[in-house]
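Number 281 marks the last residue of the sequence shown (the UniProt record's numbering); no jumps.
Yeah, the Cβ is synthetic: ideal placement off N, Cα and C, and Gly gets one too.
Notes for the one structure printed next.
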Amino acid sequence: GYVLLHKGCCNFGLGELNLCLMFLGEASQLAKDINDKKLFLQTTKWLGFTYGVKGESDLALEYQKRYLALAIELNDKQEIIGAHNTLGMKFTERGEFKRAIEYLEKGLSICHEINSWKTFIVSSSLFEAFLKSNSLEKAQQCHNRMGVLIKQGTYKFNDLLYRLQEALLLKKTPHKTSHSKAEKIFKEVADKETTFIEFKIGALINLCDLYLTRLKETSNLKELDKIQPYIGKIRTIAENEGVHSLLAEMYSLQAKLRLVVFKFKDAQKLLASALNIANIY
């Protein structure tokens, strides 16, 4: 069972989401058959992650709620923290910031209670909730606390996440030099083949958004040449792995490009495609 679970996790890291779901589904069924609650918890957690990345929001939320219930049943504090974190992230994604912050602050309080290694990850999710709700001062405070944890010594995963969030803060400022610094970080992550898929997706979308903003401000068509390869990468991931939210994002970006060059009918069709996907998933 755990071999199947690990195969699923490896494929998740490689961005092979359909293969990941196949292995996780087999592991989950086996966990039920042999009544292995710890294995069932792990498969439930990873199914929630994977459906979340694929953009199947309701299904992801269903698995994440089951994950929290299983963690509480097993009284596993580390997994209870993890479940609060994933639910907080999901509610942030859905724009339900108050609920997101409640889950994340609860998770962070348990982190402090048991001195958990997950403190950095939950702090990063809280940063995201504050950033997306435009509470920039609180987001900066979160980022500063994460910087202290980075200096204490941590995994490369955490360092990359910290740098991506630094880029998001830089992108929010009106200064062109800050935008150039953000672009450099996003490009580094987007161009790296081995990057964790969630980081790559975030970097690609933010990079395209930066180029679009610059195109609108300057009318310099050279920005079109920069953005096209990254939209191509978004399409490849979206189509190969069936990431519905990313496919909708791609259509939305293409529509914005058409608007900039005054192709209004094309833009309308692309926006309709994006809305259609959003309504289904």
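Note down the Cα distance separating residue 83 from residue 120, rounded to an integer number of angstroms.
15 angstroms
Determine, using beta-carbon pairs with one atom in the region 182-198 and one in the region 216-224, whether at least three such pairs fall under 8 angstroms.
no
For residue 59, I'd like the list of residues in its chain whose CB is within less than 6 angstroms of its CB, leaving aside the five on either flank, ordered along the chain.
51
Counted within 10 angstroms of its Cβ, other Cβ atoms place residue 94 as buried (16 or more) or exposed
exposed
8 angstroms Cβ cutoff met for residue 108 and residue 74:
no
How should residue 189 be labelled, buried or exposed, when 16 other C-beta atoms within 10 angstroms of its C-beta is the threshold for buried?
buried
With a 10 Å radius around its C-beta and 16 neighbouring C-beta atoms as the bar for buried, classify residue 115 as buried or exposed.
exposed
Are the Cβ atoms of residue 4 and residue 30 separated by less than 8 angstroms?
yes
For the putative contact between residue 70 and residue 37, defined by C-beta atoms under 8 angstroms, what is the C-beta separation to the nearest angstrom?
7 angstroms
Collapsed DSSP secondary structure at residue 175 in the structure displayed:
coil
Please work out which residues of its chain come closer than 6 angstroms, Cβ to Cβ, to residue 87, disregarding the five sequence neighbours upstream and downstream, and give them in chain order.
64, 103
For the putative contact between residue 255 and residue 238, defined by C-beta atoms under 8 angstroms, what is the C-beta separation to the nearest angstrom?
That pair is no contact at about 15 angstroms.
Simplified DSSP state of residue 46, which is helix, strand or coil:
helix
Within its chain, find whatever has a CB closer than 7 angstroms to the CB of residue 200; leave out the 5 residues flanking it on each side and keep chain order.
189, 190
Quick one: residues in its chain with C-beta nearer than 6 angstroms to the C-beta of residue 26, no 5 flanking neighbours on either side, listed in chain order?
4
Considering only the beta carbon of each residue, do residue 46 and residue 8 sit closer than 8 angstroms?
yes
Along the chain, where does the alpha helix (DSSP H) that runs through residue 209 open and close?
197-218
Are residue 204 and residue 230 close, meaning C-beta to C-beta below 8 angstroms?
yes
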